[in-house]
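Visitor: Protein sequences appear in the order of chains A and B. As numbered in my numbering, residues 2 to 254 make up the first sequence, in order. As numbered in my numbering, residues 159 to 678 make up the second sequence, in order. Cβ coordinates follow ideal geometry from the N, Cα and C atoms, glycine included. Mind having a look at this structure? Questions to follow.
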Amino acid sequence: MRKFELFVILGLTVSQAFLAICDITGPFRVVSGFIFLTILPGYVLLSFFYRTKLEQLGFFAHLVLSIPISLALISTLGLSANYLSIGLENIPNVTWLSTFILFFASISYFRRSKEKRYNLRSNHYLLIIGSLMILFALNFSLSDVNEHSETPYLSMYVLNNESLSNNYPNQVQVNTPVEILLGVEYEGNTEQQFTLTSSHGSKKHLSLSPGEIWTEIVKVTLNKPGLHEVTWTLYQEGQAVPKREIRLWMTVY
Amino acid sequence: MNKNTFSQEIIFFLITICVSIFFGTFLSSKNLTDPFLYYDISFIKSIQDERQLNFPDVGPYKSLSLAPGRSVILAQYANMMGVSPEALQFFPLGSILISATFYYLALRFLKSPIIACLITLYLIFNLSHATALYSVFAYGIALPILFGVMLIYMNLFERREIIDIVLLLLLFIAANFIHYTIASWVILFLIGANLLVGFKTVIAKYQQSNPHAIQVYYLTSAMVVIFFTFNQAIYESFLPFFGSSSLEGAVQNFLTYLSIGISRNVSPYSFPRSRGIGLVSAFTLLLILVPIMVGLTYDIWNHFKHSPTGRVINSWSPIIGGILLIGIVDSAVYSVRGSISTKAFSLIFPLLTIHYIQRIGKRSLAVVAAIILFATSVIKIGVFYENSYLISNNDLNTSINRIDPSSEWMAKHETHDKYYLLADLNLYGKYLLNSVNDSKEPIFLSFDDNNYAKIIGESDHDWNSTPDIIAVDAASSEPLIGSVWGRYKPLKEFADRIINNPAINLIYDDGSIWLAKPVN
């Protein structure tokens, strides 16, 4: 391994350690973390084992073969570290992997006289610079994935009279009122007017502010035996199409 | 190698990586994901503040202990890149890893940068497999390892070095920890390659020449032993599904896949894949397989006609043997498990297709074939888009942000700490991810014909397992993923029947998600 390569590996490893230990996030950390895991472990291992053996191993082959070898190493070494309780948290992880990388890089450097060297040509620099630029483009794929913003929504629900979603009344006696809890939750930008209607004739106007939750225990009395569907429908003011609808089935005896 | 050729290799490599990342980012922006990835991501999220990954013996994360290497890799990527597990889920890691390794493999095998570029892009753009390949899903991480095995085997083929054996073993062990399918592919590759090398050796002895190639019987045997001893996935997730009924189901799925015809045994609720998608897939499959079959037939015919002096095998034969065995065995094995797999044919057989076309002798023909292959993937994008299958201008299902209210509602009002949730696998995955760090955890109940019929009011049978809660993505136009690769019609097609079904109470509605309970 050349001095130049050793310095690049050292620089990348130290910068990754710095970013991980100080917990600095951002585009540089994404690229640095990617190279640290995907290229460096395999690269140094192949330098150590292959460069003294394989004459045809050019820089391009070396770089590409580093990918599967690195994946294999971080998987197997990671599992070992996990079971030895060394840990996969930021600091222990970056420590043991940096140690591995620097160990093999140093040994490869000190026995460089035995290497069958390949020449770094201008195309290799094109490969390095081009790959780095492309890797930075990766950050675009991370731009809005993690945003759990408050999206506007309107939900309507029914619960039993203990505010739980089980034991809904489904066997009820004629003319015996049953209690259930109705709820409407609204998250939006402005106050909105709604009308809540039910299949047994009740009607109620609701005015809900953003973030407001409306709940009410309602009594349902059914006066004919048989299977009944009890529905509640929510309309937004000025709209004929229902916004939300919920429905319970009750057998009256 | 002259300087111009080398420049071409680098330039096409950069083009391949650049276009792959661009396409991966596009898929990421569409929130495309394999539903099984939610398990990995939820698990990583749940242990993020812990020092050690402890794989649970029960619950939704039980199966992750069968492939612990995957979780270890994902946890490290999230930590080292400083991104959340949720962001990592849509990170186009597979696009980079697969395109880089496959390009180089194709370059070495086919010796043409432009063809290597085209068939790599064919693979990356192939939407039939894109959800599995582009991101951090198992295939995206494990396939580069398989390609690494092939590349190192090429080195081993040329000279015997103990380090190659060590590296092959390292790659196999890692594959075994990441994905049992790829681990089995590594073994099949080496068995197929060994068989061809053995065959070559016999012929070489007959011809009294140096066989040159090296067999790795001991290594392959060691891998087989490791695989069957330490890989529990094959006993827990694979063998239990073997059976003749699965074979029948596999044939049905395959016919549906190709849009050739639907037989009487297909579920009436099965999602009918567009005929256009099926035709493009069938054409691509033919384009890949026909040159291979013709080439193989020619090789075998040549052998019997000119044996022993005829050119039965060339220096690449072991690689061809290995790849062939992967395709044949993988397809056969999956068929008795309920799904005829064309994955191996689509993913690695194009190497053989172009190789056999190249052997005709006209370079331009191989380039044209590679262009047509690439074109099939591009056409597939258009057809998928036209049919709003996987990609569309609009959201095809409810996003994880929109799931939050119903998820919180269940966490607040559901009475069981672990409740059985009957849902599409994709929707379940979102609830699982949202439930991390909540006191309540959903347990997956998958759709089958009976459950599906119960929900739309077409079955009087009892539930196979009574769900505590049923979640319906009323906004989704995507096929609903059920048990053992079953794909059902989106439930929004039966909205009226669900609402009027006296077997379920509709207890929650937020416009996108409906939650329901079976009537006691």
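Using a Cβ-Cβ cut-off of 8 Å (strictly less than) and excluding sequence neighbours within five positions of residue 177/A, which residues of its own chain qualify?
Guide: Counting from one through the first sequence, the residue named residue 177/A turns up at place 176. Once the five neighbours on either side are set aside, the close Cβ partners of residue 177/A are 222.
Visitor: Would you decide whether residue 459/B is buried or exposed? Buried here means 16 or more other CB atoms lie within 10 Å of its CB.
Guide: Counted from its first residue, the second sequence places residue 459/B at position 301. Exposed.
Visitor: On the DSSP letters alone, give me the boundaries of the alpha helix (DSSP H) that residue 97/A sits inside.
Guide: Stepping through the first sequence from its first residue, residue 97/A is reached at position 96. Counting along the chain, the alpha helix (DSSP H) containing residue 97/A begins and ends at 91-111.
Visitor: Please give the ranges of any beta strand (DSSP E) in the stretch 511-582 of chain B, keeping only runs that are unbroken, at least 3 residues long and fully inside the region.
Guide: Complete beta strand (DSSP E) runs here, min 3: 576-580.
Visitor: Taking 8 Å as the CB-CB limit, is residue 587/B close to chain A?
Guide: Counting from one through the second sequence, the residue named residue 587/B turns up at place 429. Not an interface residue.
Visitor: So, helix, strand or coil for residue 629/B, using DSSP?
Guide: As a working mapping, residue 629/B is identified with position 471 in the second sequence. Note: residue 629/B maps to strand in three-state DSSP.
Visitor: In chain order, what residues of the same chain lie with their CB nearer than 7 Å to the CB of residue 166/B, ignoring the 5 residues before and after it?
Guide: For this step, residue 166/B is matched to residue 8 along the second sequence. So the qualifying residues of the chain are 271.
Visitor: Could you confirm whether any beta carbon from chain B is found closer than 8 Å to the beta carbon of residue 2/A?
Guide: Start at 1 with the first residue of the first sequence, and residue 2/A comes out as number 1. No, because no Cβ of chain B sits closer than 8 Å to the Cβ of residue 2/A.
Visitor: Please specify which runs of the beta strand (DSSP E), each continuous and at least 3 residues long, are wholly inside the stretch 586-623 of chain B, giving them in chain order.
Guide: Correct list: 599-603.
Visitor: Less than 7 Å between C-beta atoms, sequence neighbours within five positions excluded: which residues of the same chain meet that for residue 164/A?
Guide: For the purposes of this step, residue 164/A is identified with residue 163 of the first sequence, where counting begins at 1. Hits under 7 Å: 182.
Visitor: Quick one: which chain B residues come within Cβ less than 7 Å of residue 69/A?
Guide: Along the first sequence, one-based indexing puts residue 69/A at 68. Those are 259, 302, 303, 305, 306, 329, listed as they occur along chain B.
Visitor: Within the same chain, show all residues whose beta-carbon is closer than 7 Å to that of residue 335/B, passing over the 5 residues directly before and after it, in chain order.
Guide: In the second sequence, residue 335/B corresponds to position 177, counting from 1. Same-chain partners within the cutoff: 225, 226, 227.
Visitor: Just to check my reading of the structure: residue 448/B and residue 537/B have Cβ atoms closer than 8 Å, yes? What is that Cβ distance to the nearest angstrom?
Guide: As a first step, residue 448/B is located in the second sequence; it is residue number 290 there, counting from the start. As a first step, residue 537/B is located in the second sequence; it is residue number 379 there, counting from the start. Going by Cβ atoms, the distance from residue 448/B to residue 537/B rounds to 18 Å, so no, they are not a contact pair.
Visitor: If we count the other Cβ atoms within 10 Å of its Cβ and call it buried at 16 or more, is residue 84/A buried or exposed?
Guide: Against the first sequence, residue 84/A aligns to sequence position 83. Exposed is the call here.
Visitor: Which residues in chain B have a C-beta closer than 8 Å to the C-beta of residue 86/A? List them in chain order.
Guide: To locate residue 86/A, count along the first sequence from 1; it is residue 85. Neighbours of residue 86/A on chain B, chain order: 209, 210.
Visitor: From the beta carbon of residue 227/B, is the nearest beta carbon of chain A less than 8 Å away?
Guide: In the second sequence, counting from the first residue as 1, residue 227/B sits at position 69. Judged by the 8 Å Cβ criterion, residue 227/B is in contact with chain A.
Visitor: Hey, would you say residue 29/A sits closer than 8 Å to residue 14/A, going by beta carbons?
Guide: Within the first sequence, the letter at position 28 stands for residue 29/A. Within the first sequence, the letter at position 13 stands for residue 14/A. Not a contact, by the Cβ cut-off of 8 Å.
Visitor: What's the C-alpha gap between residue 230/A and residue 167/A?
Guide: Mapped onto the first sequence, residue 230/A falls at position 229. Mapped onto the first sequence, residue 167/A falls at position 166. Cα to Cα, residue 230/A sits roughly 17 Å from residue 167/A.
Visitor: So, does the stretch 481-495 of chain B touch the stretch 340-359 of chain B, judging by three or more C-beta pairs under 8 Å?
Guide: Judged by Cβ distances under 8 Å, the stretch 481-495 of chain B makes contact with the stretch 340-359 of chain B, as three or more pairs qualify.
Visitor: Return the chain-ordered ranges of every beta strand (DSSP E) run that is complete within the stretch 168-242 of chain A and spans a minimum of 3 residues.
Guide: If we require 3 residues or more, the beta strand (DSSP E) runs fully inside the stretch 168-242 of chain A come out as 179-188, 193-199, 204-209, 214-221, 227-237.
Visitor: In the stretch 330-346 of chain B, which residues sit with their C-beta less than 7 Å from some C-beta in chain A, listed in chain order?
Guide: Here the close residues are 331, 332, 335, 336.
Visitor: Look at the alpha carbon of residue 25/A and the alpha carbon of residue 90/A, and state the distance between them as a whole number of angstroms.
Guide: On the first sequence, residue 25/A is found 24 positions in, with the first residue counted as 1. On the first sequence, residue 90/A is found 89 positions in, with the first residue counted as 1. Their backbone Cα atoms lie some 15 Å apart in a straight line.
Visitor: Among residues of its own chain, excluding the 5 on either side of residue 429/B, which ones have a beta-carbon nearer than 7 Å to its beta-carbon?
Guide: Here residue 429/B is taken as the residue at index 271 of the second sequence, counted from 1. The answer, listed in chain order, is 637, 645, 646, 647.
Visitor: Could you compute how far the alpha carbon of residue 4/A sits from the alpha carbon of residue 108/A?
Guide: What you label residue 4/A is simply residue 3 of the first sequence in a count that begins at 1. What you label residue 108/A is simply residue 107 of the first sequence in a count that begins at 1. Each residue's Cα considered, the two are about 12 Å apart.
Visitor: Taking the alpha-carbon positions, what's the residue 226/A to residue 660/B distance?
Guide: Taking the first residue of the first sequence as 1, we reach residue 226/A at position 225. Taking the first residue of the second sequence as 1, we reach residue 660/B at position 502. Whole-angstrom Cα-Cα distance: 16 Å.
Visitor: Assuming residue 195/A contacts residue 235/A (C-beta within less than 8 Å), just tell me the rounded distance between them.
Guide: The count along the first sequence starts at 1 and reaches residue 195/A at position 194. The count along the first sequence starts at 1 and reaches residue 235/A at position 234. About 6 Å separates the two Cβ atoms, so the contact holds.
Visitor: Leaving out five residues before and five after residue 233/B in sequence, what residues of the same chain have Cβ atoms less than 6 Å from its Cβ?
Guide: Taking the second sequence and counting its residues from 1, the one referred to as residue 233/B is at position 75. Same-chain partners within the cutoff: 202.
Visitor: Who are residue 299/B's beta bridge partners in DSSP?
Guide: Mapped onto the second sequence, residue 299/B falls at position 141. In the DSSP output, where bridge partners are listed per residue, residue 299/B has none listed.
Visitor: So, does the CB of residue 235/B fall closer than 8 Å to a CB anywhere in chain A?
Guide: Reading the second sequence from its first residue, position 77 is the one you call residue 235/B. So yes, residue 235/B belongs to the interface.
Visitor: Quick check: what's the CA-CA separation for residue 171/B versus residue 302/B?
Guide: As a working note, residue 171/B is residue 13 in the second sequence. As a working note, residue 302/B is residue 144 in the second sequence. Near 16 Å, if we compare the C-alpha coordinates of residue 302/B and residue 171/B.
Visitor: CB-CB under 7 Å to residue 662/B, same chain, minus the five flanking residues each way: which ones, in chain order?
Guide: Within the second sequence, the letter at position 504 stands for residue 662/B. The answer, listed in chain order, is 613, 628, 674, 675, 676, 677.
Visitor: Do residue 588/B and residue 561/B have their C-beta atoms closer together than 8 Å?
Guide: For this step, residue 588/B is matched to residue 430 along the second sequence. For this step, residue 561/B is matched to residue 403 along the second sequence. A contact, by the Cβ cut-off of 8 Å.
Visitor: Let me check one thing: in DSSP terms, what residues is residue 252/A bridge-paired to?
Guide: Taking the first sequence and counting its residues from 1, one reaches residue 252/A at position 251. For residue 252/A, which the question treats as bridged, DSSP gives the partners 172/A, 228/A.
Visitor: Within 8 Å, do at least three Cβ pairs link the stretch 575-583 of chain B to the stretch 592-601 of chain B?
Guide: Contact between the stretch 592-601 of chain B and the stretch 575-583 of chain B is present, because at least three Cβ pairs lie under 8 Å.
Visitor: Closer than 9 Å, Cβ to any Cβ of chain B: which residues of the stretch 16-33 of chain A, in chain order?
Guide: Answer in chain order: 17, 20, 21, 24, 25, 26, 27, 30, 31, 32, 33.
Visitor: Would you kindly check if the distance between the Cβ of residue 179/A and the Cβ of residue 253/A is under 8 Å?
Guide: If you number the first sequence from 1, residue 253/A lands on position 252. If you number the first sequence from 1, residue 179/A lands on position 178. No. Outside cutoff.
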